[in-house]
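Colleague: Residue numbers (this note's numbering): -3 to 348.
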Ligand SMILES: Nc1nc2c(ncn2[C@@H]2O[C@H](COP(=O)(O)OP(=O)(O)OP(=O)(O)O)[C@@H](O)[C@H]2O)c(=O)[nH]1
Ligand SMILES: [Mg+2]
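1. What's the gap between the Cα of residue 176 and the Cα of residue 91?
2. Report back the beta-carbon spacing between residue 96 and residue 8 to the nearest angstrom; my notes put them in contact at under 8 Å.
3. Going by CA-CA distance only, name the one from 275, 123, 184, 14 that's closest to residue 149.
4. Please confirm whether any heavy atom of ligand 1 lies closer than 7 Å to the CB of residue 188.
5. What residues does ligand 2 have around it, judged by CB closer than 5 Å to any heavy atom, in chain order?
6. Would you say the beta carbon of residue 249 comes nearer than 7 Å to a heavy atom of ligand 1?
7. Less than 7 Å between the CB of residue 28 and some heavy atom of ligand 1, yes or no?
8. According to DSSP, which residues form a beta bridge with residue 147?
9. Report, in whole angstroms, the separation of the C-beta atoms of residue 293 and residue 341, which I expect to be a contact under 8 Å.
10. Are residue -3 and residue 89 touching if we call contact CB-CB under 8 Å?
11. Measure the beta-carbon distance from residue 352 to residue 56 and round it to whole angstroms, keeping in mind my assumption that it falls under 8 Å.
12. For residue 196, which option in 181, 6, 225 has the closest C-alpha, if you only look at C-alpha atoms?
13. Helix or strand or just coil, what does DSSP make of residue 327?
14. Taking all protein chains shown into account, do 16 or more other C-beta atoms lie within 10 angstroms of the C-beta of residue 52, making it buried, or fewer, making it exposed?
15. Between which residues of its own chain and residue 315 is the CB-CB distance below 7 Å, once the five residues before and five after are set aside?
16. Here's a check: name, in chain order, each residue in its chain whose Cβ is nearer than 6 Å to the Cβ of residue 364, leaving out the five neighbours to either side.
17. State the start and end residues of the unbroken beta strand (DSSP E) segment that holds residue 264.
18. Roughly how many angstroms separate the alpha carbons of residue 191 and residue 151, rounded to a whole number?
19. Under three-state DSSP, which class holds residue 87?
20. Here's the rule: buried if 16 or more other CB atoms are within 10 angstroms of the residue's CB, otherwise exposed. What is residue 74?
21. Is the closest heavy atom of ligand 1 to the C-beta of residue 218 under 7 Å?
22. I want to check one thing, is the minimum distance from the CB of residue 98 to the heavy atoms of ligand 1 below 7 Å?
23. On a Cα-Cα basis, can you pick out the residue from 67, 288, 286, 217 that is closest to residue 257?
24. May I ask you to report which of helix, strand or coil DSSP gives residue 197?
25. Go ahead and pull the three-state DSSP assignment for residue 14.
26. Please report the straight-line C-alpha distance between residue 45 and residue 343, rounded to a whole angstrom.
27. Can you list, in chain order, the residues of its chain with a C-beta nearer than 8 Å to that of residue 86? Leave out the 5 residues immediately preceding and following it.
28. Which residues in the same chain have their Cβ closer than 6 Å to the Cβ of residue 145, if we skip the five residues on either side of it in sequence?
29. Using 8 Å as the threshold, is the C-beta distance between residue 240 and residue 253 below it?
30. Residue 309 and residue 339: beta carbons closer than 8 Å?
31. Can you list, in chain order, the stretches of the alpha helix (DSSP H) that have 4 or more residues and sit fully within the region 33 to 65?
32. When DSSP builds the beta bridges, which residues end up paired with residue 92?
33. Starting from residue 292, follow the alpha helix (DSSP H) in both directions and report where the run begins and ends.
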């Protein structure tokens, strides 16, 4: 999963990147440097399964964090001539926008709106570059695909011109497929990180209320963390970190919280495969059926899917092995229509 970290200059993007990825890149230097880190998703369930089955190798799910660009708040990011939106951002599954809330004169509502305006402008430019070509193709050749794409682009453009990001434009799933290639930024799920000061530790709710959304709102999720503190925490080793978290009254460090929120935002769950030689966590969307989940492991397994043999995580841990689960009647054979659940331990049977 790729997550692009963005926001206005000096909002604390690199600080949050360091906190999320356990890195120590220089902050506060206006360098506009970009950074990237691939981190393992911490998962106590996978670790417990590994203890039980003792595989040669344990493979965690991964998140790819990009700290890539400062939006200027002046529409510059969307200006084709001074384009500051790197391709990487378009490939991101979600955007993590950092909003500065750590100074007494900060203007988070305004900064959030400026940021949304930039996303909108960036998409508007892409559409304006393409829409006439598609409309002309549709007219000249009667190409149905071009026609439906042109109609959809027109609908998107109207929404953007009215200041509505595409994520709120009522675009259907079937339509999303048609415009996927444009990788519109304002259509991406957004994790809004309110970067609060050390003095506000434990008072994140105050900021969440102020910004109008502590609750999940589908394509937007808000979270309040103190980047500076979390960056320092992330640099400690695990034991020291646990002690500090306790002292500070922080339940989950940003490293974990940001992952939890991202999974929630994107509607992601994990299932596990265990055995020789590898125990591994896999990430899928909620509602994924067994063959498609098998496709994550290997496309051949999806093509030749016969059945899924499923044990729940709790049953596996209670009985300790696949064999013991079978004996206890905790082993379920599921077919093509089975919807994989969070924590399922699965063995796929296939034939190619
Ligand atoms: N007090 C306080 N300062 C912070 C916090 N987060 C970031 N800062 C400070 O804000 C300044 C900017 O932080 P960076 O992480 O470099 O911000 P950035 O958005 O990456 O900056 P650019 O890449 O230059 O746009 C630094 O001096 C940080 O120490 C925070 O939670 N509390
Ligand atoms: Mg930076």
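Here a beta-carbon is modelled for each residue, glycine too, at the ideal position from N, C-alpha and C.
Modeller: Well, looking at it:
1. Within the chain shown, residue 176 is the residue found at index 180, counting from 1. Within the chain shown, residue 91 is the residue found at index 95, counting from 1. Distance between the alpha carbons of residue 176 and residue 91: 16 Å.
2. Residue 96 sits at position 100 when you count from the first residue of the chain shown. Residue 8 sits at position 12 when you count from the first residue of the chain shown. With 8 Å as the limit, residue 96 and residue 8 qualify as a contact, their Cβ atoms being about 6 Å apart.
3. What you label residue 149 is simply residue 153 of the chain shown in a count that begins at 1. It is 123.
4. Taking the first residue of the chain shown as 1, we reach residue 188 at position 192. Outside the cutoff, so no.
5. 9, 10
6. Residue 249 sits at position 253 when you count from the first residue of the chain shown. No - ligand 1 has no heavy atom lying nearer than 7 Å to the Cβ of residue 249.
7. Walking along the chain shown from the start, residue 28 turns up at place 32. For ligand 1, at least one heavy atom lies less than 7 Å from the Cβ of residue 28.
8. Counting from one through the chain shown, the residue named residue 147 turns up at place 151. DSSP, once it has assigned bridges, lists no residue as partnering residue 147.
9. Residue 293 sits at position 297 when you count from the first residue of the chain shown. Residue 341 sits at position 345 when you count from the first residue of the chain shown. The Cβ separation is near 13 Å, so there is no contact.
10. Here residue -3 refers to the residue found at position 1 of the chain shown. Here residue 89 refers to the residue found at position 93 of the chain shown. Cβ distance < 8 Å, so residue -3 and residue 89 count as in contact.
11. Since the first residue of the chain shown is -3 and the last is 348, residue 352 is not available in this structure.
12. Here residue 196 refers to the residue found at position 200 of the chain shown. Of the candidates 181, 6, 225, the one whose C-alpha sits nearest the C-alpha of residue 196 is 225.
13. Numbered from 1 along the chain shown, position 331 holds the residue referred to as residue 327. Coil, per DSSP.
14. Position 56 of the chain shown holds residue 52. By the neighbour-count rule (16 or more Cβ atoms within 10 Å), residue 52 is not buried but exposed.
15. In the chain shown, the residue the question calls residue 315 occupies position 319. The answer, listed in chain order, is 321, 324, 326.
16. Given that the chain is displayed from residue -3 to residue 348, the structure contains no residue 364 and the question cannot be resolved.
17. For the purposes of this step, residue 264 is taken as residue 268 along the chain shown, with counting starting at 1. 264 to 269 is the extent of the beta strand (DSSP E) around residue 264.
18. Translated into the one-based positions of the chain shown, residue 191 becomes position 195. Translated into the one-based positions of the chain shown, residue 151 becomes position 155. The alpha-carbon atoms of residue 191 and residue 151 are separated by roughly 35 Å.
19. Your numbering for residue 87 matches position 91 in the chain shown. Helix, per DSSP.
20. In the chain shown, counting from the first residue as 1, residue 74 sits at position 78. With a pLDDT of only 47 at residue 74, under the threshold of 50, the placement of this residue in the model should not be trusted, and no figure is reported.
21. Within the chain shown, residue 218 is the residue found at index 222, counting from 1. False, no ligand heavy atom lies under 7 Å from that Cβ.
22. To locate residue 98, count along the chain shown from 1; it is residue 102. Residue 98: yes, Cβ under 7 Å from ligand 1.
23. Taking the chain shown and counting its residues from 1, one reaches residue 257 at position 261. The option with the nearest alpha carbon to residue 257 is 217.
24. The residue you call residue 197 lines up with position 201 of the chain shown. Coil at residue 197, not helix or strand.
25. Mapped onto the chain shown, residue 14 falls at position 18. Residue 14: helix per DSSP, three-state reduction.
26. Taking the first residue of the chain shown as 1, we reach residue 45 at position 49. Taking the first residue of the chain shown as 1, we reach residue 343 at position 347. So the alpha carbons of these two residues sit roughly 14 Å apart.
27. Locating residue 86 in the chain shown gives position 90, where the first residue counts as 1. For residue 86, where only same-chain residues beyond five positions count, the Cβ hits under 8 Å are 179, 181.
28. Taking the first residue of the chain shown as position 1, residue 145 is located at position 149. The answer, listed in chain order, is 130, 174.
29. What you label residue 240 is simply residue 244 of the chain shown in a count that begins at 1. What you label residue 253 is simply residue 257 of the chain shown in a count that begins at 1. For residue 240 and residue 253, no; Cβs fall outside 8 Å.
30. Walking along the chain shown from the start, residue 309 turns up at place 313. Walking along the chain shown from the start, residue 339 turns up at place 343. It is a contact, given that the beta carbons lie within the stated cut-off.
31. 40 to 49
32. Taking the chain shown and counting its residues from 1, the one referred to as residue 92 is at position 96. Paired residue(s): 1, 187.
33. Indexing the chain shown from 1 puts residue 292 at position 296. Run containing residue 292: 286 to 293, per the alpha helix (DSSP H) assignment.
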